[in-house]
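*Asks:*
There are 2 protein chains.
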Amino acid sequence: MAVDTRTLNRVTTSQTRQERKQRTRQALLDAASRPLTDRTFAGLSLREVTKDAGIVPTAFYRHFDSMDDLGIALVERAMRSLRTMIREARQNPATYDDAIRASVHTLHTHVRANEADFRFLTRERYSGTGPVQAAIATELRLFASELAIDLGRFEVLSTWSSEDLRMMADLIVTAMLGIVMEMVDVRSPDADADEEIAAKARKQLRLIVLGVTSWRSR
Amino acid sequence: MAVDTRTLNRVTTSQTRQERKQRTRQALLDAASRPLTDRTFAGLSLREVTKDAGIVPTAFYRHFDSMDDLGIALVERAMRSLRTMIREARQNPATYDDAIRASVHTLHTHVRANEADFRFLTRERYSGTGPVQAAIATELRLFASELAIDLGRFEVLSTWSSEDLRMMADLIVTAMLGIVMEMVDVRSPDADADEEIAAKARKQLRLIVLGVTSWRSR
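Just so you know, the protein sequences line up as chains A and B, in that order.
Note that the numbering used here gives residue 241 to position 178 of the first sequence, counting from 1, and the numbers run on in steps of one.
Note that the numbering used here gives residue 197 to position 134 of the second sequence, counting from 1, and the numbers run on in steps of one.
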């Protein structure tokens, strides 16, 4: 089949432009999350972020409406990572000990692979009030709701009230955010330090799960 | 007995001066914790804090060496509140259900009475790296160690390894900090909203404690 070269060129150019735009967007997100090791998002300037991403300040608005808009996109990226994680853990519904082991392993891998995003998420969660913090609070609430639904599918939890499932999900999310905080606070991560944190995470989850067997939902 | 009036006057003046100095110190601490509802400690200026406390900027140095020094004093004040709380809960070693009820009640009362301090503590804990954050991390570690020792005194936990006691104490501290965060995030606190949070706190602690009965420390 004969192909119109001009059409092909146009498609290629358009794809390349889309790809380039996507790359710049990612570069802006990366540039914004990098300096958050010792600063809060509110302290970042648009000028600094664009400079680090290699674009002129005015070009920022081709990608985001405002710094808050960029912040919310960062929240979404970090939460996507967290969702992927939980989806993977969900696919292995063997014993609860296996589920715990798999979850903590996935959490650990994801945190180390997306450290800046997780640092952003945990730090900003507590650093004040603003559109970015509100977005994190909402996302974490949704995340805990989904987890509560997942928990309700376990035989032993099938008789629990939705309020109690939510209480348990909140405790798990809080405990795991604590673990994430510990991981991103390790200055020079090594396998031993990480395994120590992971071992604690597994035990904390196990302690929570063991409580279930003696619990009466009322 | 005849009293030397000059000595008496000197003592009174000196006491008054001490008291006044103490009052100004408290005013500076209060002035520093007040604006932290939507800002981080790093964003506060010495000028702003002294103005709010009603003293000239240069007088600041009669009380603190630096803003970080003031921040660390704030950490100590907030932690004192937390310690008093746990000491009170410790004095009623009836059933674990009573202990949980008493602890959550005391936590709730203390948080509402010292909201600015607790908000400072929970927010700053996660907001970055600096002398103030390091002081909070150290204080919370010490606090969890003390709690681990207390937990070890319970009959059912007497066979637990110190590592496991610490793991449990860390989980309790993380869960309770999560509860404190929820409390200080309530915009206009009322009895119903507070009772809902307190009920969740009691259930989370109960779930953790129930796990103990099925746990084997290994």
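A virtual CB, placed ideally from N, CA and C, is assigned to each residue, including glycine.
In this text the structure is predicted, and so the values were computed from the model without any measurement.
Is the separation between the beta-carbon of leucine 268 of chain A and that of isoleucine 163 of chain A shorter than 8 Å?
*Replies:* yes
*Asks:* Return yes when the Cβ of histidine 171 of chain B is within less than 8 Å of the Cβ of serine 144 of chain B, no when it is not.
*Replies:* no
*Asks:* Between which two residues does the alpha helix (DSSP H) carrying serine 225 of chain A extend?
*Replies:* 225 to 248
*Asks:* With 8 Å as the threshold, decide whether the Cβ of methionine 130 of chain B is near any Cβ in chain A.
*Replies:* no
*Asks:* Could you check whether the Cβ of methionine 142 of chain A sits closer than 8 Å to any Cβ belonging to chain B?
*Replies:* no
*Asks:* Give the single residue among B:Ile199, B:Val236, B:Ser277 and B:Ser190 whose Cα lies nearest to the Cα of alanine 211 of chain B.
*Replies:* B:Val236
*Asks:* Going by the beta-carbon positions, is the gap between threonine 201 of chain A and tyrosine 189 of chain B smaller than 8 Å?
*Replies:* Taking the C-beta atoms as reference points, tyrosine 189 of chain B is found no nearer than 8 Å to threonine 201 of chain A.
*Asks:* Under 8 Å, Cβ to Cβ, is there at least one residue of chain B near tyrosine 159 of chain A?
*Replies:* No, tyrosine 159 of chain A lies away from the interface with chain B (no Cβ there is under 8 Å from its Cβ).
*Asks:* For glutamine 267 of chain A, which residues in chain B fall below 7 Å Cβ to Cβ?
*Replies:* Near glutamine 267 of chain A (Cβ distances below 7 Å), the residues of chain B are Met230 and Leu234.
*Asks:* Considering only residues of the same chain and omitting the five flanking positions on each side of leucine 118 of chain A, which have a CB-CB separation below 7 Å?
*Replies:* Per the sequence presented here, residue 118 of chain A reads as isoleucine, with leucine not at that position. Same-chain partners within the cutoff: Thr87.
*Asks:* Under 8 Å between beta-carbons, which chain A residues line up against alanine 238 of chain B? List them in chain order, please.
*Replies:* Residues of chain A passing the Cβ test: Leu234, Thr237 and Ala238.
*Asks:* Tell me the start and end of each unbroken alpha helix (DSSP H) in the segment 160 to 220 of chain A that is at least 4 residues and wholly inside, in chain order.
*Replies:* If we require 4 residues or more, the alpha helix (DSSP H) runs fully inside the segment 160 to 220 of chain A come out as 178 to 188 and 194 to 215.
*Asks:* If you draw a straight line from the alpha carbon of glutamate 82 of chain A to that of proline 252 of chain A, how long is it in whole angstroms?
*Replies:* Cα to Cα, glutamate 82 of chain A sits roughly 34 Å from proline 252 of chain A.
*Asks:* Taking the continuous alpha helix (DSSP H) assigned at threonine 158 of chain B, which residues delimit it?
*Replies:* That residue, threonine 158 of chain B, is in no alpha helix (DSSP H); it is neither H nor E in DSSP.
*Asks:* Hey, is serine 221 of chain A's beta-carbon within less than 8 Å of any beta-carbon in chain B?
*Replies:* Serine 221 of chain A does not count as touching chain B.
*Asks:* Determine the DSSP secondary structure at valine 275 of chain A, reduced to helix, strand or coil.
*Replies:* Here valine 275 of chain A carries a helix assignment [DSSP, helix/strand/coil].
*Asks:* Going by beta carbon distance, what residues of the same chain come within less than 8 Å of leucine 22 of chain A, once the five residues before and after it are set aside?
*Replies:* Because chain A spans 64 through 281 in this model, residue 22 of chain A falls outside it and cannot be assessed.
*Asks:* Using a Cβ-Cβ cut-off of less than 9 Å, give me the residues of the segment 174 to 193 of chain A that come near chain B, in sequence order.
*Replies:* Thr185, Arg186, Glu187, Arg188, Tyr189, Ser190, Gly191, Thr192 and Gly193
*Asks:* Along the chain, where does the alpha helix (DSSP H) that runs through arginine 110 of chain B open and close?
*Replies:* Per DSSP, the unbroken alpha helix (DSSP H) holding arginine 110 of chain B starts and ends at 109 to 116.
*Asks:* Buried or exposed: where does aspartate 128 of chain B fall if 16 or more other Cβ atoms within 10 Å of its Cβ makes it buried?
*Replies:* exposed
*Asks:* Using a beta-carbon distance below 8 Å, is methionine 244 of chain B in contact with chain A?
*Replies:* yes
*Asks:* Give the C-beta separation of valine 243 of chain B and phenylalanine 181 of chain B to the nearest angstrom, bearing in mind that I take them to be a contact with Cβ-Cβ under 8 Å.
*Replies:* The Cβ separation is near 5 Å, so the contact holds.
*Asks:* Measuring CA to CA, which of B:Leu109, B:Ala122, B:Val275 and B:Ala95 is closest to lysine 84 of chain B?
*Replies:* B:Ala122
*Asks:* What would DSSP say about threonine 222 of chain A, mapped onto helix, strand or coil?
*Replies:* coil
*Asks:* Examine the ligand COA and report whether any of its heavy atoms sits within less than 7 Å of the Cβ of leucine 240 of chain B.
*Replies:* The model on display carries no ligand, and the ligand COA is accordingly not part of it.
*Asks:* Would DSSP call threonine 121 of chain B helix, strand or coil?
*Replies:* In the structure shown, threonine 121 of chain B sits in a helix (DSSP, three-state: H, G or I).
*Asks:* Would you kindly work out how many angstroms separate the C-alpha atoms of arginine 150 of chain A and threonine 276 of chain A, rounded to a whole number?
*Replies:* 25 Å
*Asks:* For glycine 241 of chain A, would you say it is in contact with chain B, using Cβ-to-Cβ distances shorter than 8 Å as the test?
*Replies:* yes
*Asks:* Do leucine 234 of chain B and leucine 270 of chain A have their CB atoms nearer than 8 Å?
*Replies:* yes
*Asks:* If you draw a straight line from the C-alpha of proline 194 of chain A to the C-alpha of aspartate 131 of chain A, how long is it?
*Replies:* If you take the alpha carbons of proline 194 of chain A and aspartate 131 of chain A, they lie about 7 Å apart.
*Asks:* For arginine 265 of chain A, which residues from the same chain have a beta carbon less than 8 Å from its beta carbon, with the 5 sequence-adjacent residues on both sides left out?
*Replies:* Ile163, Arg164 and Val167
*Asks:* Consider the Cβ of isoleucine 301 of chain A: report whether some Cβ of chain B lies at a distance smaller than 8 Å.
*Replies:* The structure shown does not extend to residue 301 of chain A, since chain A is modelled only from 64 to 281, so the question has no answer here.
*Asks:* Can you tell me whether alanine 207 of chain B is buried or exposed, with buried defined as 16 or more other CB within 10 angstroms of its CB?
*Replies:* buried
*Asks:* If you drop the 5 nearest sequence neighbours on each side, which residues of the same chain put their C-beta closer than 6 Å to that of alanine 261 of chain B?
*Replies:* Val167 and His171
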